[in-house]
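**Q** One structure coming up, written as structure tokens, with questions to follow.
Protein chains in written order, with our numbering: chain A, -9 to 393; chain B, -9 to 393.
Okay, structure coming up:
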């Protein structure tokens, strides 16, 4: 009595809403764009699978990287994960070169060991001598060493040591014993999500690159091995002018793109591959409201860059073909947004908030909502319904959740 | 190579973080409190399973309702669902009396039929003559009729017709044919989430009750059958002084409670049963930041009632025993909040934002974060780790996602 199996090549009108759509052609174009950029820069790409959490998307990514000639690309190529659940899932499906890019805690050490024992070439990150000592002690008896990158903070946004921090050498020195192997440095310049314009993005990309390289050079000058210099985010990867000294780039959201990337000028609205299919379920004409069956459960509550760029509410409303409805504001892209939501109800209003304007469509009308943040919206869904160029749904790809 | 199975009676320190904890004793107390209130008011309780999405929590709820003598309670008692996936899961496990409390769309009609064919006594809601006509037409050939409640808007917050709306009788009249049966009215006064103080909550509860009863009386006066008057939310259920004319109450979040309910005065902090166990993964001393391994993926991005009551960030930080750390502000309850988050990183700061104050705890220290909105936080997790009175984890309950 579960949902009926999805027959091939169904119409959108045959889906139950809400549903997470993944546009095949846009996905392929996004994968090719990044792969071609990395091939041109001559740098290895280690895609971050946290965005899609989907084996099939990772397979498509590998294929695009091979096709473009990205250095080191191949079947089951290198990946970045945000959870050890992702590492488990990908390792079980054949991926072997996995970097877990969140600071470690001792309660994950046994899980790291299980991954190593299963044949995974595992890289982890940390940014303190305490963490380095704890991992060194715990791993002393492990049969295979775990590679360690020291996390570098190149934007003041999150974790890591500043490139010039004296503690950098202390952390390196605290990695001792047969179970750990210092491999280099890693940074993520999330500050690029707040850059205005292409010049700003290029500057942040250079800040990320130069900071990571500087940290690696300090380690090498002090006699430590630091072969790996790992940088990346979707905006910096696509806007970096050169990546001298960088050995690999990590990026995640580029596979889908989203309204944040559009706000930054990294993509166009019509390059966003993930959207939520929803239906009109009612109206409150006095308030200018159109109610839809996509609430925060289907959209997430991510507000994207609402405080810094155009406020897209909880998502930008498109017609069933995926085109934003209306003329839009300064950045173009439509007049209607999901301005509020309950768990399974979204409230669509005009961008202006004017209650005299209402999206007056019959109950049952299909709409699509573009996500502020594709990682967050996709995380609410158990699968992707794949949308083909013919406007039909060609199949379903599973995704997973949890840690 | 998946996560190792959880042995019974493990210590919190043996869990991998982040993890969603469910405090058994608090859950039981919350279930008993609502059950006793409903028994005292003499009204049937139809718990909303959207909060927990967990068969075991629903079983515990049924048991509490039976123990308190709630009218109509029993094994696999009446439930409310927010998705047809919930209906599927509960029907497969034996629940039969199910109300789907989100406005209908035609793309769900085939699914409704499957549920009816499986023996579910199904109730749905709608608030327009268009939807009533569409369902009447689609259901004409169904062997079992579906019960229909007309949704009433008693607070101007979401869907439904005003109790005095002329269209109410049009909707009732549009329900025709053998496949549909008008059963009454349903309302949810979400406005109670913005009430200040017990008097405000009592007033909203009365507004919800009287509006729903008024709508049902109008239907009856016009010759329509309207035996069911369904109302509810956790705050109105617990603060209603009487429920004359109401036949059933729906409530969901009471099973766990959360910071929103605490802000409204509906519960105390130490009655919140769900929390996210997390570990310190690092520090940025210059900024007063403590980094934890619970980001928005583990906490959700729900900001709760930050604009109206004390801002709890993305959650209130407690020690591993679940007690808020520090003295707290005007409403009490701790000095430390998760003030920002990335996907798998949370940033804990002092409530004041003062960078000179920092929660200086070693990497690996366990903390617990109380959720702004338990429905949203629980939705990010695949299971609950059950926390016993001895401080040990006694087992794991699965939850499900999707539509």
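Yeah, the Cβ is synthetic: ideal placement off N, Cα and C, and Gly gets one too.
This one's a predicted model, so the numbers in the text were calculated from it and none came from an experiment.
#1: Comparing the C-beta of residue 261 of chain A with each C-beta of chain B, is any distance below 8 Å?
#2: Which residues bound the beta strand (DSSP E) around residue 141 of chain A?
#3: For the alpha helix (DSSP H) containing residue 47 of chain A, name the first residue and the last one.
#4: For residue 160 of chain A, is the classification buried or exposed, using 16 other Cβ atoms within 10 angstroms of its Cβ as the cut-off for buried?
#5: When you compare each of A/132, A/225, A/282 to residue 241 of chain A by their alpha carbons, which one comes out closest?
#6: Can you tell me whether residue 227 of chain B sits near the ligand HEM, meaning its C-beta is under 7 Å from at least one heavy atom of the ligand?
#7: Could you give the distance in angstroms between the alpha-carbon of residue 70 of chain B and the alpha-carbon of residue 373 of chain A?
#8: Does any residue of chain B have a CB that is nearer than 8 Å to the CB of residue 365 of chain A?
#9: I'd like to know if the region 234 to 254 of chain B and the region 34 to 46 of chain B are in contact, where contact means that at least 3 CB-CB pairs between them fall below 8 Å.
#10: Taking C-beta pairs closer than 7 Å, name the residues in chain A that residue 400 of chain B reaches, listed in chain order.
#11: Could you please give the first and the last residue of the uninterrupted beta strand (DSSP E) stretch that includes residue 309 of chain B?
#12: Compute the distance between the beta-carbons of residue 234 of chain A and residue 195 of chain A, then report whether it is under 8 Å.
#13: What does residue 312 of chain B reach in chain A if we use C-beta pairs closer than 8 Å?
#14: Please report how far the alpha carbon of residue 370 of chain A lies from the alpha carbon of residue 118 of chain B, in whole angstroms.
#15: Taking the alpha-carbon positions, what's the residue 217 of chain A to residue 173 of chain A distance?
#16: If I measure Cβ to Cβ from residue 57 of chain B and keep anything under 8 Å in the same chain, skipping five residues before and after, which residues do I get?
#17: Using beta carbons (cut-off 8 Å, strictly below), is residue 3 of chain A in contact with chain B?
#18: Does residue 291 of chain B come within less than 8 Å of chain A when only Cβ atoms are used?
#19: Where does residue 16 of chain B fall in DSSP's three states?
#20: Contact criterion: CB-CB distance below 8 Å. Does residue 76 of chain A meet it with respect to chain B?
#21: Does chain B have any CB closer than 8 Å to the CB of residue 320 of chain A?
#22: Quickly, what does DSSP pair residue 279 of chain A with across the bridge? List them, please.
#23: Can you tell me where the alpha helix (DSSP H) with residue 286 of chain A in it begins and where it stops?
#24: Measure from the alpha carbon of residue 246 of chain B to the alpha carbon of each residue in B/258, B/263, B/253, B/252, then state which is nearest.
#25: Taking 6 Å as the limit between beta carbons, can you name the residues of its chain near residue 209 of chain B, skipping five residues before and five after?
#26: Assuming residue 328 of chain B contacts residue 295 of chain B under a Cβ cut-off of 8 Å, what Cβ separation, rounded to an integer in Å, is found between them?
#27: Would a C-beta distance cut-off of 8 Å place residue 286 of chain A and residue 331 of chain A closer than the cut-off?
#28: Would you say residue 114 of chain A reaches chain B, if we count a Cβ-Cβ gap shorter than 8 Å as a contact?
#29: What does residue 184 of chain B reach in chain A if we use C-beta pairs closer than 8 Å?
#30: Find the nearest neighbour of residue 116 of chain A within the set A/204, A/157, A/130, A/86, judged by alpha-carbon distance.
#31: Does the beta carbon of residue 40 of chain B come closer than 8 Å to any beta carbon on chain A?
#32: Entirely within the region 102 to 156 of chain A and at least 4 residues each: give me those alpha helix (DSSP H) ranges in chain order.
#33: Is residue 89 of chain A helix, strand or coil by DSSP?
#34: Whole angstroms is fine: what's the gap from residue 228 of chain B's alpha carbon to residue 335 of chain B's?
#35: Measure the beta-carbon distance from residue 66 of chain A to residue 84 of chain A and round it to whole angstroms, keeping in mind my assumption that it falls under 8 Å.
#36: Per DSSP, what are the beta-bridge partners of residue 374 of chain B in this structure?
**A** Taking the geometry as given:
#1: Within the first chain, numbered from 1, the residue matching residue 261 of chain A stands at position 271. Answer no: the Cβ-Cβ gap between residue 261 of chain A and chain B never drops below 8 Å.
#2: Position 151 of the first chain, counting from 1, holds the residue named residue 141 of chain A. First-last of the beta strand (DSSP E) with residue 141 of chain A: 136 to 142.
#3: Here residue 47 of chain A refers to the residue found at position 57 of the first chain. Residues 45 to 58.
#4: Walking along the first chain from the start, residue 160 of chain A turns up at place 170. That one is exposed.
#5: Walking along the first chain from the start, residue 241 of chain A turns up at place 251. Selected option, being the one with the closest Cα: A/225.
#6: Here there are no bound small molecules, and the ligand HEM is not part of this structure.
#7: Position 80 of the second chain, counted from the first residue, corresponds to residue 70 of chain B. Position 383 of the first chain, counted from the first residue, corresponds to residue 373 of chain A. For residue 70 of chain B and residue 373 of chain A, the distance between alpha carbons rounds to 24 Å.
#8: By one-based count along the first chain, residue 365 of chain A stands at place 375. Cβ-Cβ to chain B under 8 Å: yes for residue 365 of chain A.
#9: yes
#10: Since the first and last residues shown for chain B are -9 and 393, residue 400 of chain B lies out of range.
#11: As a position in the second chain, residue 309 of chain B is number 319, starting the count at 1. Unbroken beta strand (DSSP E) run through residue 309 of chain B: 306 to 309.
#12: Your numbering for residue 234 of chain A matches position 244 in the first chain. Your numbering for residue 195 of chain A matches position 205 in the first chain. Taking 8 Å as the Cβ cut-off, residue 234 of chain A and residue 195 of chain A do not qualify as a contacting pair.
#13: As a position in the second chain, residue 312 of chain B is number 322, starting the count at 1. Those do not exist, as residue 312 of chain B stays about 18 Å from chain A at its closest Cβ, beyond 8 Å.
#14: One-based indexing of the first chain puts residue 370 of chain A at position 380. One-based indexing of the second chain puts residue 118 of chain B at position 128. Approximately 29 Å between the Cα atoms of the pair.
#15: Numbered from 1 along the first chain, position 227 holds the residue referred to as residue 217 of chain A. Numbered from 1 along the first chain, position 183 holds the residue referred to as residue 173 of chain A. For residue 217 of chain A and residue 173 of chain A, the distance between alpha carbons rounds to 6 Å.
#16: Sequence index remark: in the second chain, residue 57 of chain B carries index 67 (1-based). Here the set comprises 22, 25.
#17: Counting from 1 along the first chain, the entry for residue 3 of chain A is found at position 13. Closer than 8 Å to some Cβ of chain B, the Cβ of residue 3 of chain A qualifies, so yes.
#18: As a working mapping, residue 291 of chain B is identified with position 301 in the second chain. So, interface residue.
#19: Stepping through the second chain from its first residue, residue 16 of chain B is reached at position 26. Here residue 16 of chain B sits in helix by DSSP.
#20: The residue given as residue 76 of chain A occupies position 86 in the first chain. Not closer than 8 Å to any Cβ of chain B, the Cβ of residue 76 of chain A fails to qualify, so no.
#21: Taking the first residue of the first chain as 1, we reach residue 320 of chain A at position 330. With a pLDDT of only 48 at residue 320 of chain A, under 50, the local geometry of the prediction cannot be trusted, and the value read off the model is given with reservation. Cβ-Cβ to chain B under 8 Å: no for residue 320 of chain A.
#22: Position 289 of the first chain holds residue 279 of chain A. Per DSSP, A/274.
#23: As a first step, residue 286 of chain A must be located in the first chain, where it is residue number 296. 286 to 289 is the extent of the alpha helix (DSSP H) around residue 286 of chain A.
#24: As a working mapping, residue 246 of chain B is identified with position 256 in the second chain. Closest option to residue 246 of chain B, Cα to Cα, is B/263.
#25: Translated into positions along the second chain, residue 209 of chain B becomes position 219. Here the set comprises 162, 216.
#26: Residue numbering aside, residue 328 of chain B sits at position 338 when the second chain is read from its first letter. Residue numbering aside, residue 295 of chain B sits at position 305 when the second chain is read from its first letter. No, residue 328 of chain B and residue 295 of chain B are not in contact; Cβ-Cβ is about 16 Å, not under 8 Å.
#27: Within the first chain, numbered from 1, the residue matching residue 286 of chain A stands at position 296. Within the first chain, numbered from 1, the residue matching residue 331 of chain A stands at position 341. Yes.
#28: Counting from 1 along the first chain, the entry for residue 114 of chain A is found at position 124. Chain B contact via Cβ: absent.
#29: Your numbering for residue 184 of chain B matches position 194 in the second chain. The premise fails here: residue 184 of chain B is roughly 13 Å from chain A at the closest Cβ pair, so nothing lies under 8 Å.
#30: Along the first chain, one-based indexing puts residue 116 of chain A at 126. Residue 116 of chain A has its Cα closest to that of A/157, out of A/204, A/157, A/130, A/86.
#31: Locating residue 40 of chain B in the second chain gives position 50, where the first residue counts as 1. Yes, because at least one Cβ of chain A sits closer than 8 Å to the Cβ of residue 40 of chain B.
#32: 119 to 128
#33: Position 99 of the first chain, counted from the first residue, corresponds to residue 89 of chain A. Here residue 89 of chain A sits in strand by DSSP.
#34: For the purposes of this step, residue 228 of chain B is taken as residue 238 along the second chain, with counting starting at 1. For the purposes of this step, residue 335 of chain B is taken as residue 345 along the second chain, with counting starting at 1. Roughly 36 Å separates the two Cα atoms.
#35: Numbered from 1 along the first chain, position 76 holds the residue referred to as residue 66 of chain A. Numbered from 1 along the first chain, position 94 holds the residue referred to as residue 84 of chain A. 5 Å between Cβ atoms; contact.
#36: One-based indexing of the second chain puts residue 374 of chain B at position 384. Residue 374 of chain B pairs with B/387.
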